[in-house]
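Worksheet: the structure to be examined is printed underneath.
Chains as they are written, first to last, in this note's numbering: chain A, 77 to 394; chain B, 301 to 820.
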């Protein structure tokens, strides 16, 4: 009976992240537009964009290989699965025991690996520039992310997200400097990973400044729809991850009834809303940094996460 | 008048003979020997090249002595279709010479660059403006254009454009980069060649004015003004005083609108969209005021030879003053945001530097020149009414980077606001005739005489030159329009060198050269 509920909740979770991801992207765009004094498109616009792209024919370069065609599916699958692993409204998920933070990072890395290859596949200069920049960012963002994971794992003695969330909710942790450093580092990584300002600009039309967009310039139709949907899922994933580790309150625990699940969903939506507003405000208030400054930015994230881990060892109190 | 031996007119008088009916500055015809003697002088840093253009069987070069502000034109007949290259001694002349070759078939001897420039091989004709154009079937595919070779280890090329990801004008940029660092940039332009100079031939001066207004849409007032002043100089027409002041009012409105748009767009290229949105609102206020005053947001076709086509609306002066007050209130806080934003300053300071020497060598005007220590402004020198009667400063900086070009624009907006207020307060009133109606400030341009005229006008990008020869039948025999971009585009190639690829959009926007105005 319990196993059935786990599977059911897991399926609800998978459907929920897929349904909410375009909404979060649309919400961030709307808030940004409002901050600039524009009316902005409806929050539903990303859904319409995806539907439009799915209806259109996909145009392929003559020299595109199977890799180029397969990448959108692999990316989308990896990110959808990854987003399904992060406990959003309940910790009672069928996949919780098998998947942990390390698996999550591996899934994200695999998606990135294929996208970078696909960017170079057609041999255009922009794809190459995008892939090279993406790899530079990844080489710095992934260690920082791992250090964050280690800090948290040392504290909680597990890498399972469901257990981390349960532990955090129990209040046994208290206020810790390590966690503060880890959350800052994770936010910085999330900004870089999601191609947001100041690392990348998701709204730019300038080919020469693009990172993520440069890699996907050659995609069209359903391929582009999948790539875009994957990017939206990634944004939601990071918001859910930060919420799950650092503000898990409101999430339904094991054996929670229907009421707890509904409360979990409501709080999760509220958390996403807060994250969206914060992201929009941050992006509006800052200019994009020079490409080579990204290494300093992510180096800072790595240093912060490292400090967090060291603090855990040298001091019992923090 | 005493002429110094080695002053501009001293030298030009020695090598050539003055031509009658060229106003307001003299034109001299010279021999190939005299032309070569001129090139020897130009090899040094004396005098600025302000224009180089052709006509069937002749070339003209316009020069300025920066210290005295004197201007002069030298012409060389080339019956054999060849002339000694100016580009060999002045790099700024290379592209104009390539155009002379493309359009008139005149060959610059000893030119450092023999490739075509505006002619992409798809016109179906060679030398379309020459006395006898050469039919040439357009190939099914455009001929390959050899870019300049760059050699070195680990270098790779990045072709960008002519079709870009955003809705902007077309131009091709070929980067040679070492990783992210740009080793060399080569531009290729000419994609929006409209044949304006060819279309103007044989049209009445009034018809041709419409073409001059469409050289570049964002500088339509400056284009019309330069053309109108050149025609008026050629035909010795003096526009009514009120028209002169109204023209200045339009020119300053255009300058403010474009500078505001540019400041916002530069910030937007650093992904700081807030400034674009705010500056867009201010620009809109300027454009709607222009619409309310002159019935057209960009004030296109409002300036015509002889005066202006429409007078300002009755409530116009009050609206302009309101606009100036509004901008004085809303603009400074935004400037403070620009100045205080560390993340923005990090992008603009020290990026895309143009050296003072290079700006002088190319005679770059406008914000490009003034950000690199070159304080030229056609409103000051050679000056034209009513600016000789108005108070304003010409801001000059020496840093030469993107930040300096932004600040030049900011300062110019402030100066132009002052000019708006002065113009509105001091503009001559409307003369009423006996019937109580108010005639337009426009005098007829008589079409019963021939003449050559030239004008330099300060557009928002820098000085725009128009040279025109009007025939005795009142039609345009030859008209040359030279946008400020001609001497700014080459500097962009220099500005980006050593910067990173991702900073190019920022540098490019800080120049904001015209494609349409350059491609003619």
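Each residue gets a CB set at the ideal place from its N, CA and C atoms; glycine is no exception.
| For residue 574 of chain B, three-class secondary structure by DSSP | helix
| query | residue 800 of chain B and residue 486 of chain B: beta carbons closer than 8 Å? | reply | no
| message | I'd like to know whether the C-beta atoms of residue 509 of chain B and residue 280 of chain A end up nearer to each other than 8 Å. | response | no
| query | Using the beta-carbon of each residue, which ones in chain A are nearer than 7 Å to residue 644 of chain B? | reply | 363
| Which parts of the segment 190-239 of chain A are runs of the alpha helix (DSSP H), unbroken and 4 residues or longer, counting only runs that do not cross its ends? | 201-232
| task | Would you mind stating whether residue 191 of chain A and residue 153 of chain A have Cβ atoms separated by less than 8 Å? | result | Contact: no.
| Distance CB(residue 312 of chain A)-CB(residue 93 of chain A) smaller than 8 Å | yes
| request: Give me the Cα-Cα distance between residue 489 of chain B and residue 414 of chain B, rounded to the nearest whole angstrom. | output: 15 Å
| message | Spatial neighbours of residue 140 of chain A within its chain, please: C-beta separation below 8 Å, excluding the five flanking residues on both sides. | response | Answer for residue 140 of chain A: 197, 198 and 294, listed in chain order.
| With a CB to CB cut of under 7 Å and the five nearest residues on each side skipped, what residues in its chain are close to residue 417 of chain B? | 395, 398, 399, 402 and 490
| request: Compare the Cα-Cα distances from residue 786 of chain B to each of B:442, B:816 and B:596 and report the closest residue. | output: B:816
| message | Bridge partners for residue 288 of chain B per DSSP, in chain order? | response | The structure shown does not extend to residue 288 of chain B, since chain B is modelled only from 301 to 820, so the question has no answer here.
| field | Segments assigned alpha helix (DSSP H), at least 4 residues, entirely inside the segment 316-367 of chain B | value | 332-343
| Where does residue 378 of chain B sit, in a helix, a strand or coil, going by DSSP? | coil
| request: Please state if the CB of residue 770 of chain B and the CB of residue 359 of chain B are separated by a distance shorter than 8 Å. | output: no
| Skipping 5 residues on each side, what residues in its chain have a beta carbon closer than 8 Å to that of residue 111 of chain A? | Same-chain partners within the cutoff: 356, 357 and 360.
| request: Kindly list, in the order they appear in chain A, the residues whose Cβ is closer than 7 Å to that of residue 577 of chain B. | output: 112, 113 and 114
| message | Assuming residue 318 of chain A is part of the alpha helix (DSSP H), what are its boundary residues? | response | 297-322
| Through-space distance from residue 330 of chain A to residue 78 of chain A, alpha-carbon basis | So the alpha carbons of these two residues sit roughly 9 Å apart.
| In the structure shown, what three-state DSSP assignment does residue 722 of chain B receive? | helix
| message | Distance check for residue 363 of chain B and residue 675 of chain B, CA to CA, integer angstroms please. | response | The straight-line gap from Cα to Cα measures roughly 17 Å.
| chain B beta carbons: is any one of them nearer than 8 Å to that of residue 205 of chain A? | yes
| request: Let me know if residue 368 of chain A comes out buried or exposed under the rule of 16 or more other beta-carbons within 10 Å of its beta-carbon. | output: exposed
| Whose C-beta lies closer than 6 Å to the C-beta of residue 373 of chain A among residues of the same chain, with five residues either side of it excluded? | Same-chain partners within the cutoff: there are none.
| request: Could you run through the segment 259-292 of chain A and flag, in chain order, every residue whose CB is less than 7 Å away from some CB of chain B? | output: 273, 274, 277, 280, 281, 282, 283, 284 and 285
| said: Between residue 541 of chain B and chain A, is the shortest Cβ-Cβ distance under 8 Å, so that the two count as touching? | reply: The beta carbon of residue 541 of chain B sits no closer than 8 Å to any beta carbon of chain A.
| request: Starting from residue 477 of chain B, trace the beta strand (DSSP E) both ways and give me its first and last residue. | output: Unbroken beta strand (DSSP E) run through residue 477 of chain B: 472-478.
| query | Comparing alpha-carbon positions, which option in B:779, B:661 and B:727 lies nearest residue 350 of chain B? | reply | B:661
| task | Keeping to the same chain, check which residues put their C-beta closer than 6 Å to that of residue 549 of chain B; ignore five residues upstream and five downstream. | result | 723
| query | Smallest Cα separation from residue 239 of chain A: which of A:128, A:322, A:114 and A:371? | reply | A:322
| field | Given residue 468 of chain B as reference, the closest of A:207, A:216 and A:282 once Cα atoms are compared | value | A:282
| By DSSP, does residue 739 of chain B sit in helix, in strand, or in coil? | Of the three classes helix, strand and coil, the one that applies to residue 739 of chain B here is coil, per DSSP.
| query | Mapping DSSP to helix, strand and coil, what is residue 780 of chain B? | reply | Three-state DSSP puts residue 780 of chain B in a strand.
| said: Taking only three categories from DSSP, how would you classify residue 697 of chain B? | reply: coil
| task | Please list, in chain order, all residues of the same chain as residue 777 of chain B whose beta carbon is under 6 Å from its beta carbon, the five residues on each side excluded. | result | 769 and 771
| query | Does DSSP put residue 287 of chain A in a helix, in a strand, or in coil? | reply | coil
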